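Visitor:
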Amino acid sequence: MANTPQAKKRIRRNARRTVINKNRVSQIRTKIKSVETALEAGDKAAATAALSAVQPELARGVARGVFHKNTAARKFSRLTKRVAALS
Numbered sequence: 001m002a003n004t005p006q007a008k009k010r011i012r013r014n015a016r017r018t019v020i021n022k023n024r025v026s027q028i029r030t031k032i033k034s035v036e037t038a039l040e041a042g043d044k045a046a047a048t049a050a051l052s053a054v055q056p057e058l059a060r061g062v063a064r065g066v067f068h069k070n071t072a073a074r075k076f077s078r079l080t081k082r083v084a085a086l087s
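Take 1 as the starting number for the sequence shown in full-length UniProt numbering and just add one per residue.
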């Protein structure tokens with residue numbers, strides 16, 4: 001258990017930040033799923049539009065410490081490759 005006031009404050013702060021970060025991850029995953037559903041439907045225009053919405057969200061997640069930069073790059077690269085393969 002936390003003994004110092006600062007440690008107690010860190011526990012409160014970490015709880016708030018955890019909720020915020022979980023929401024950010026959830027939002028990004030939802031956008032990634034929108035690309036995947038467009039890919040499954042074979043709709044290249046919708047997949048391209050959804051992909052262009054995912055890229056800044058992934059970059060924002062990296063900037064805010066939600067994702068590692070290599071993780072975001074890998075996710076975006078794989079999605080881009082799948083959209084490009086759609087003819």
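In this text, a Cβ means the ideal position worked out from N, Cα and C, and glycines have one as well. On a predicted model such as this, the values are computed, not experimentally measured, just so you know.
Should the stretch 62-75 be called in touch with the stretch 15-27, which here means at least 3 C-beta pairs below 8 Å?
Guide: Yes, they touch.
Visitor: Quick check on residue 25: buried or exposed, where buried means 16 or more other Cβ atoms within 10 Å of its Cβ?
Guide: Locating residue 25 in the sequence shown gives position 25, where the first residue counts as 1. Residue 25 comes out exposed.
Visitor: Sorted by chain position, which residues of the same chain lie with C-beta nearer than 6 Å to residue 82's C-beta, five sequence neighbours on each side aside?
Guide: Position 82 of the sequence shown holds residue 82. Excluding residues within five positions, the ones whose Cβ falls inside 6 Å are 39.
Visitor: Buried or exposed: which applies to residue 47, given that a residue is buried once 16 or more other Cβ atoms fall within 10 Å of its Cβ?
Guide: Position 47 of the sequence shown, counted from the start, is the residue given in the question as residue 47. Residue 47 should be labelled buried.
Visitor: Can you tell me whether residue 36 is buried or exposed? The criterion is at least 16 other CB atoms within 10 Å of its CB, across all chains shown.
Guide: For the purposes of this step, residue 36 is taken as the residue at position 36 of the sequence shown. Answer is exposed; the Cβ neighbour count stays below 16.
Visitor: Are the stretch 3-14 and the stretch 51-60 in contact at 8 Å, needing three or more beta carbon pairs?
Guide: These segments do not touch.
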